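Please read the structure below before turning to the comments.
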Amino acid sequence: MECRKVRAVAEDLDVATRPVRSASVKRETKETKVEVSINLDGTGVCSAHSQIPFLDHMLDQLASHGLFNVMVEAEGDTWIDDHHTNEDIALALGSALSKALGDRKGIHRFGDFTAPLDEALVHVVLDLSGRPHLSFDLQIPTERIGKYETQLVEHFFQSVVNTSGMTLHIRQLAGKNSHHIVEATFKAFARALRRATEYDERRQGQIASSKGVLTQQ
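Taking this note's numbering, the leading residue of the sequence shown gets 0, the next gets one more, and so forth.
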């Protein structure tokens, strides 16, 4: 009984001394002005104003299903198209994620999830390894969802990967409706990321790598 009490107290102290895992990133160019904040230990709150309604909807899925608090404020040259704004939001999001993770001590590191949305089924696997790589296999049947160009989905995730240092695999297992396929992707990504960023209590603060580091070198 005493051993269990000591262990419980030690675990409570470990939780109490963990760093706040949140970060904000500002990115400003001649094309866009973007600010992104993320709290990895949030409650699923999202405030997204990207000038791209469908992307705002997807960012809400990321927050809700990952239980992250996400804030995005963006102004961009959307009178041309959504490419620059979509890219720079994703670059800032990946950077904020990497900053919030810090040295990545004690996290699970790996995460995977398969999400359905009606007829669509998408599997996402990721590794917060410090090794940026994207393998993307979606067959989105239409060129647009509303006004959003569906080719920007891959570019969004490539940009997140580049600045976060994650390895990310996305596979479509089924689906015919473009909206369903993309939304299932964001939901699966959120759930996989939640798993990967959560603490592994058995690791007791150690880095989940035989190399000893999980940051980009």
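We put the CB at the ideal spot given by N, CA and C, even for glycine. These figures come from a predicted structure and were not determined experimentally.
| query | result |
| --- | --- |
| Measuring CB atoms only, is the segment 31-40 touching the segment 59-79, in the sense that at least three cross pairs come out at less than 8 Å? | yes |
| So, G22 versus S94, is the Cβ gap smaller than 9 Å? | A small correction: the amino acid at residue 22 is Ala; Gly does not occupy that position in the sequence shown. Cβ atoms of A22 and S94: closer than 9 Å. |
| For the beta strand (DSSP E) that contains I246, what are its first and last residues? | Nothing can be reported for residue 246, as the shown portion of the chain is limited to 0 through 216. |
| Any contact between the segment 175-182 and the segment 84-100? By contact I mean 3 or more CB pairs, one from each, below 8 Å. | no |
| Would you identify the three-state DSSP class for K32, choosing helix, strand or coil? | strand |
| Hey, out of T184, I106, I139 and D126, whose CA is closest to R20's CA? | I106 |
| Opposite T166 in the DSSP bridges: which residues? | D126 and H132 |
| For H48, which residues does DSSP report across the bridge? | E72 |
| Just the C-alpha distance for P131 and G145, rounded to the nearest angstrom, thanks. | 30 Å |
| Once you ignore the five residues that flank E197 on each side, which residues in its own chain have a CB closer than 8 Å to its CB? | I106 and H107 |
| Output the boundary residues of the alpha helix (DSSP H) element that contains K98. | H82 to L100 |
| Compare the Cα-Cα distances from V160 to each of R143, L133 and E182 and report the closest residue. | L133 |
| Which of the three DSSP states, helix, strand or coil, is assigned to L137? | coil |
| So, with DSSP's three-state summary, where would you put L39? | coil |
| Determine, using beta-carbon pairs with one atom in the segment 52-60 and one in the segment 102-122, whether at least three such pairs fall under 8 Å. | no |
| What three-state label does DSSP hand F67 in the structure shown? | coil |
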